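Structure first, commentary second.
Chains as they are written, first to last, in my numbering: chain A, 851 to 1116; chain B, 22 to 324.
So, in structure tokens, the structure goes:
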């Protein structure tokens, strides 16, 4: 039986927490029921190509899902002005998300728009009895986003900003170091702990290196310029190590966007 | 009742809609979304003798009415294709075309020899990929090379051979005639138009490869004109493509002279595009009392 891929979804809510970000909530029982943390939708944005956007949260009962969008180009600007009631064509849910089920504790490490899909991870952890720790990095307190939601949803949070006006000065990688140090000091069992990172490449690499040093599993969500989102056009490739150690091209959209950090060629 | 069936020489297709090379993989991703036996055919991702990793990213740059790509023929190689992808493709229930691209003259015939032993329905010679540094487009913009490559392939296989033409030439009909002289069973056109998109802030091309192939609705008028010109120049069937997004676009190409069409970039925006076009084409034909879709080929009423 063919699987429906394109949906025309109504926007039911639009929030704009600050000048840089908009959160849109769509009605789609199908996507809300199927989506897993780390997956994305490819949204028609009144431009030729769709815009791939990570899913921020789902309300499976109400059949709703939300995405967070940073306004940074024409496509995202077009999306940011859409109002409730408007219908949008989107493809989804797409890609492979975070694999969370073998872990007792998940530390999300997010920077910039990367915090949106990681909120979905925290939501999932809360619902599935996994201890969630949220580490978020922002440019400044004024540009911070979802801090209240992370505080409510995760078991513990740690916020950093480049401007130095939040708890920790620096990026999420710096905040992660403190979280890992605390866990080691408490002699926590890290064998079933996962670091789930999404954000700027340098931040994810720092997270992956810290994870490796501490013997913690790590998955990262990669991003490349994308077109189809379903794996046919081969434009969004990233270099990964295959099982035999050979360098190969993986498709961010269909093989990822989430990869084991150990497989990523930084 | 509308008959959507078309013939490309001896080869019969249940309808004129073929998924274009490089926009459909080997069908595995798309078969999740609709029954691939609904469409006329699939042209495989461009294949080379050896596996290729392709170009560095970014490989895509959006532009007005379309996009540039510089994938650079990333593919698993002809032998892997024949062993692991072709048998599955042949199970879809539509016509399967192997699209091949050589770096050296001899590679086309070498690949065609391997394909001759398979059940693939046709071979499409990619003489026009703009994204690899050597070969390929160099062959496609030289009429004597087109003729020679086509002849070399026809010598080693009885499969129908289609020659895919580049628009990046002064006279596309000269290239089409060269393909015909070389024994081509059909020509398909157009491949992408060579283009560049520049980021004015960084003053760098968006594509890491600097230039890439422009496709999408923006190229359609260029493609329709070329299809019509070639249709008027050659005696072999013409397969039209370039920016087809819907059934009306496809019909335009048929009226211009195409006996079948290929749908490419539309698949990247609407995964079900080929299927949607077949359905809408049938509706259009019904509403216009067109009994044989093939009767539209070349029915253009020029001024």
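Backbone N, C-alpha and C fix where the C-beta goes; we use that ideal spot for every residue, glycine too.
Predicted model, so just to flag it, every value in this text is computed and none were measured.
Say whether chain B places a C-beta atom closer than 8 Å to the C-beta of residue i.
i               : result
residue 852(A)  : yes
residue 1075(A) : yes
residue 855(A)  : yes
Beta-carbon of residue i versus every beta-carbon of chain A: anything under 8 Å?
i              : result
residue 56(B)  : yes
residue 160(B) : no
residue 283(B) : no
residue 291(B) : yes
residue 36(B)  : no
residue 187(B) : no
residue 264(B) : no
residue 59(B)  : no
residue 288(B) : yes
Starting from residue i, find everything on chain A with Cβ-Cβ shorter than 8 Å and list it in chain order.
i             : result
residue 86(B) : 898
Reducing DSSP to helix, strand and coil, say where residue i ends up.
i               : result
residue 183(B)  : strand
residue 124(B)  : coil
residue 316(B)  : helix
residue 1101(A) : strand
residue 70(B)   : coil
residue 856(A)  : strand
residue 168(B)  : helix
residue 111(B)  : helix
residue 135(B)  : helix
residue 1046(A) : strand
residue 105(B)  : helix
residue 1016(A) : coil
residue 892(A)  : strand
residue 225(B)  : strand
residue 937(A)  : strand
residue 246(B)  : helix
residue 897(A)  : coil
residue 913(A)  : coil
residue 922(A)  : coil
residue 54(B)   : coil
residue 946(A)  : strand
residue 31(B)   : coil
residue 47(B)   : coil
In chain A, which residues lie less than 9 Å from residue i when you measure between Cβ atoms?
i             : result
residue 51(B) : 1080, 1082
List the residues of chain B whose Cβ lies closer than 8 Å to the Cβ of residue i, in chain order.
i               : result
residue 1099(A) : 74, 75, 95
residue 1104(A) : 50
residue 941(A)  : 292
For a contact defined as C-beta to C-beta under 7 Å, what are the partners of residue i on chain B?
i               : result
residue 1085(A) : 80, 81, 90, 92
Is the Cβ of residue i closer than 8 Å to any Cβ of chain C?
i             : result
residue 46(B) : Structure shown: chain C not included; protein chains present are A and B.
Looking at the ligand NAD, does it come within less than 7 Å of residue i, judged from the CB to the closest heavy atom?
i               : result
residue 1050(A) : Absent from the structure shown: the ligand NAD. Ligands present: none.
Please list, in chain order, the chain A residues whose beta carbon lies closer than 7 Å to that of residue i.
i              : result
residue 325(B) : Limits of chain B in this structure are 22 at one end and 324 at the other, which puts residue 325(B) out of reach.
Segment contact flag, the region 103 to 117 of chain B with the region 53 to 70 of chain B, C-beta cutoff 8 Å, min 3 pairs
yes
Which runs of the alpha helix (DSSP H) at least 4 residues long sit entirely within the region 951 to 1005 of chain A? Give them in chain order.
965 to 977, 997 to 1003
For the structure I just gave you, are there three or more beta carbon pairs, one from the region 104 to 113 of chain B and one from the region 29 to 44 of chain B, closer than 8 Å?
no
Completely contained beta strand (DSSP E) runs for the region 856 to 887 of chain A, where each covers 3 or more residues
856 to 868, 871 to 877
Three CB pairs or more closer than 8 Å across the region 921 to 932 of chain A and the region 892 to 901 of chain A:
yes
Residue ranges of each beta strand (DSSP E) within the region 265 to 297 of chain B, 3 or longer
281 to 284
Determine, using beta-carbon pairs with one atom in the region 129 to 137 of chain B and one in the region 166 to 183 of chain B, whether at least three such pairs fall under 8 Å.
yes
Pairs of beta-carbons, one from the region 1017 to 1027 of chain A and one from the region 1074 to 1093 of chain A, closer than 8 Å: are there three or more?
no
Stretch-stretch touch, CB-based, cutoff 8 Å, three pairs: the region 282 to 296 of chain B with the region 256 to 274 of chain B
yes
With contact counted as at least three CB pairs below 8 Å, one residue from each stretch, are the region 225 to 239 of chain B and the region 74 to 93 of chain B in contact?
yes
Inter-stretch contact at 8 Å, needing at least 3 Cβ pairs: the region 191 to 199 of chain B / the region 215 to 227 of chain B
no
When the Cβ atoms of the region 1054 to 1064 of chain A are set against those of the region 1081 to 1091 of chain A, are three or more pairs found closer than 8 Å?
no
Hey, is the region 965 to 977 of chain A in contact with the region 1032 to 1043 of chain A, meaning 3+ C-beta pairs nearer than 8 Å?
no
Are there three or more Cβ pairs, one per stretch, closer than 8 Å when the region 22 to 34 of chain B is compared with the region 199 to 211 of chain B?
yes
At 3 residues or longer, and completely inside the region 196 to 225 of chain B: list those beta strand (DSSP E) runs for me, N to C.
207 to 210, 214 to 216
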